[in-house]
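Beneath this line is the structure, given in structure tokens, with notes to follow.
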Amino acid sequence: MKNCAEPPTTIAENLAKERAIISRAQQGDQQAFYQLYQQYHRKVYAICWRMLADKDSAEDVCQEVFVQLWQKIANFRGESKFSTWLHSVTNNIVLGHLRKHKNWLQRIFSIEDQTMADIAVEMPDSAGLTELDKHIARLPERARLVFVLFAVEGYRHEEIANMLGMAIGTSKAQYHRARNLLMEWIEI
Numbered sequence: 116m117k118n119c120a121e122p123p124t125t126i127a128e129n130l131a132k133e134r135a136i137i138s139r140a141q142q143g144d145q146q147a148f149y150q151l152y153q154q155y156h157r158k159v160y161a162i163c164w165r166m167l168a169d170k171d172s173a174e175d176v177c178q179e180v181f182v183q184l185w186q187k188i189a190n191f192r193g194e195s196k197f198s199t200w201l202h203s204v205t206n207n208i209v210l211g212h213l214r215k216h217k218n219w220l221q222r223i224f225s226i227e228d229q230t231m232a233d234i235a236v237e238m239p240d241s242a243g244l245t246e247l248d249k250h251i252a253r254l255p256e257r258a259r260l261v262f263v264l265f266a267v268e269g270y271r272h273e274e275i276a277n278m279l280g281m282a283i284g285t286s287k288a289q290y291h292r293a294r295n296l297l298m299e300w301i302e303i
């Protein structure tokens, strides 16, 4: 139990602690890097899972994110929050994984053919995934990617179109398709 006489930690103190941990990790301190891993692993995994909708791929890509992070942490200049930078690194690695390992049409049809029970089995409860996450996983891949990038990650359709190699109108159409399917499944 915490001592009641201790003042609560401020946001500034938390940021200073994180900056110190990042600085140590940039100098090769494995313990500091492990602290970053402990702090961000679940968030990175959740992003990977939402975008890939496959437990094994999400685990592999999550691991790749942290391997890349170890190699590139020196590139973090602190111009944005570390979590924002890591989020961007994660998105880029997930999108690269999709381009490298999967044929778009093959993935679209295979994810549509999966039943909800199959997807639910793949989802670890410990990841803190919600009922909405389960429905997002059911979406066709392109619609799911656009939905996650737009509604969850906050990218603009122009950015999404550029990342995924599609027209802006296609990005908007895929977003609306995803939204309509989710509203139908959730019965909003």
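Numbered according to this note's numbering, the sequence shown spans residues 116 to 303. Cβ atoms here follow ideal geometry from the backbone N, Cα and C, with glycine treated the same way. These numbers were taken from a predicted model, which means no experiment stands behind them.
Pick helix, strand or coil for residue i, following the three-state DSSP scheme.
i, result
"Thr125", "coil"
"Met281", "coil"
"Glu299", "helix"
"Glu194", "coil"
"Leu130", "helix"
"Arg271", "coil"
"Gln289", "helix"
"Asp248", "helix"
"Gly211", "helix"
"Gln142", "coil"
"Leu254", "coil"
Taking the alpha-carbon of residue i as reference, which of the options has the nearest alpha-carbon?
i, options, result
"Ile137", "Ser172, Tyr152, Glu273 and Cys163", "Tyr152"
"Leu130", "Gln142, Leu297, Tyr149 and Lys196", "Lys196"
"Ser249", "Asp169, Glu174 and Gln154", "For clarity, residue 249 is Lys in the given sequence; the question names Ser instead. Residue Asp169 is the option with its Cα nearest to Lys249."
"Gly193", "Ala293, Ala135 and Glu302", "Ala135"
"Gly211", "Gly280, Thr285, Thr125 and Glu299", "Gly280"
"Ala161", "Leu247, Glu302 and Trp300", "Leu247"
"Arg294", "Ala282, Ala258 and Ile283", "Ala258"
Quick check: what's the CA-CA separation for residue i versus residue j?
i, j, result
"Gly269", "Ser198", "14 Å"
"Arg271", "Ala127", "30 Å"
"Ser203", "Lys132", "22 Å"
"Asn277", "Arg139", "35 Å"
"Lys287", "Glu174", "29 Å"
"Gln186", "Arg157", "20 Å"
"Glu302", "Asp144", "50 Å"
"Arg292", "Asp171", "26 Å"
"Glu299", "Val267", "19 Å"
"Gln289", "Lys215", "22 Å"
"Glu273", "Thr285", "10 Å"
"Phe191", "Phe148", "13 Å"
"Ile283", "Arg165", "22 Å"
Do residue i and residue j have their CB atoms nearer than 8 Å?
i, j, result
"Ile208", "Gln178", "no"
"Ile251", "Phe265", "no"
"Leu296", "Leu254", "yes"
"Ala189", "Gln146", "no"
"Leu201", "Tyr155", "yes"
"Val180", "Leu167", "no"
"Val67", "Thr125", "Any question about residue 67 goes unanswered here, given that the chain covers just 116 to 303."
Could you check whether the Cβ of residue i sits closer than 7 Å to any heavy atom belonging to the ligand SAM?
i, result
"Gln183", "As for the ligand SAM, it is missing from this structure, which has no ligand bound."
| field | Residue ranges of each beta strand (DSSP E) within the stretch 153 to 191, 3 or longer | value | none
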